[in-house]
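Take a look at the structure set out below.
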Amino acid sequence: MIRFSVLGFKGGVGKSTISLLLAKKLAETYRVTLVDRDNTNTIGRLYGLNNGLINALSEGKEDNFLTRDGNLQVVSMVRFFPRRIPSPEELAPIYRDILKDSDVLITDNPPNLDELCEIEYKAYRLATGEAHCNSIFVTTPGVALRLTLKHMNEVPGLLREWVPDTRYFRLTALVINMVKGEVEDVPVERKVVIPFHREMFYSGLQVDSYLPGIENLVELTKNTIQLELVNEEERTQLSRKA
1 MIRFSVLGFK GGVGKSTISL LLAKKLAETY RVTLVDRDNT NTIGRLYGLN
51 NGLINALSEG KEDNFLTRDG NLQVVSMVRF FPRRIPSPEE LAPIYRDILK
101 DSDVLITDNP PNLDELCEIE YKAYRLATGE AHCNSIFVTT PGVALRLTLK
151 HMNEVPGLLR EWVPDTRYFR LTALVINMVK GEVEDVPVER KVVIPFHREM
201 FYSGLQVDSY LPGIENLVEL TKNTIQLELV NEEERTQLSR KA
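For the sequence shown, counting from 1, position 178 maps to 178 in the UniProt record's numbering; every step adds exactly one.
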C-alpha cells in the first residue's frame, strides 16, 4: 500500500478539495481509501458519515464512519474530539481490516498535526507493518505559501518522533491553489498551480465537483505510485534472495 498525506499549515486553502478530487481520480485505476483526519469532517459529512472511527472506539460502539463508492472507500477518523482517546493498539486491528484491500491510502489533515493524527499514524504502522509518507502540501499564494515553504521540512522530523522507523518521507507535489494571475517564483521543482475557480469557491465542495488543473497533480501522484511499486518489487526480490 502506498500512503499519501495532504498537508497544509493554514485552513481554507483547499486541502479537503484536493484530497477528495485526487482520491476520486486515482480510484479510476486503483483501490483507494481516503481517511478524513480533520475533526471538521468536511469529506465525511459529504458522504453522510456522522461519526468517526476514533469516536466509535471511544464510545464502545460501531457507528457510521465508513462508506464505499466503487473503488473509493471513505473513512471519517474523528467527528469531534472524543471523550476518551483510544490507543494505537486499540485502533490497529479494525484499521487493518479497513485497509486490507487498498492499493492507495490518502489522508486529509487539519492544519496542525495533532494527537489524533499521531494515533492514526502509529496505528497505520501497527496495522501494515511499516510506515512512510508521500506528502502533498496545499497552499494559496502569499502568506500561506511563505508559511508552507518555511515549515514543510519540519514534518519529516515530527513523523519520525511518532514512528522512529518511518521508512521515508518524500514530496509528491506542492499545490498552489486558487491562483489569480501570475504566481511568485517558488524554489520547488514538483509544483502544481491550480487557478482560482469561481464556481468551486462559491458553491463549495461537492462529491461530484471538478477542479481544472487537478490532472497535473494526478499525473505526479501516479508517477510516485509507479516508482514505489517498482521499488517494492525490488525489495521483495532482495528479501527472497536473502
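Backbone N, C-alpha and C fix where the C-beta goes; we use that ideal spot for every residue, glycine too.
Being a predicted model, the structure only gives us computed values, none of them experimental.
Which word fits residue i, buried or exposed, when buried means at least 16 other C-beta atoms lie within 10 angstroms of its C-beta?
i	result
His132	buried
Ser16	buried
Glu233	exposed
Ser5	buried
Glu182	exposed
Ser76	buried
Leu49	buried
Asn153	exposed
Tyr121	buried
Lys24	buried
Ala203	The identity of residue 203 in the sequence shown is Ser, whereas the question assumes Ala. The residue is exposed, with fewer than 16 neighbouring Cβ atoms inside 10 Å.
Asn231	exposed
Tyr47	buried
Leu66	buried
Asn109	buried
Asn177	buried
Val143	exposed
Gly8	buried
Gly129	exposed
Gly14	buried
Val74	buried
Leu229	exposed
Leu53	buried
Strictly by DSSP, which residues pair up with residue i?
i	result
Leu66	Val75
Phe4	Ile106, Asn134
Val32	Leu72, Val104
Thr139	Ile176
Arg170	Asn134
Under 8 Å by Cβ, that's how I've got residue i and residue j pegged, so tell me the actual separation to the nearest angstrom.
i	j	result
Ser135	Val104	14 Å between Cβ atoms; not a contact.
Ser58	Ile85	7 Å
Val179	Val138	Wrong, their Cβ atoms sit about 12 Å apart, outside the cutoff.
Arg79	Gly44	7 Å
Asn51	Asn64	5 Å
Asp36	Thr42	7 Å
Ile98	Thr33	7 Å
Gly213	Pro195	6 Å
Ser209	Ile106	Wrong, their Cβ atoms sit about 16 Å apart, outside the cutoff.
Would you call the CB atoms of residue i and residue j closer than 8 Å?
i	j	result
Ala92	Leu126	yes
Leu22	Leu217	yes
Glu189	Pro141	no
Leu147	Lys10	yes
Asn55	Pro88	no
Tyr168	Tyr124	no
Thr166	Thr221	no
Leu158	Leu113	yes
Ala27	Gly60	no
Q: Scan the stretch 186-236 and note each continuous alpha helix (DSSP H) run of 4 residues or more that stays entirely inside, going in chain order.
A: 198-203
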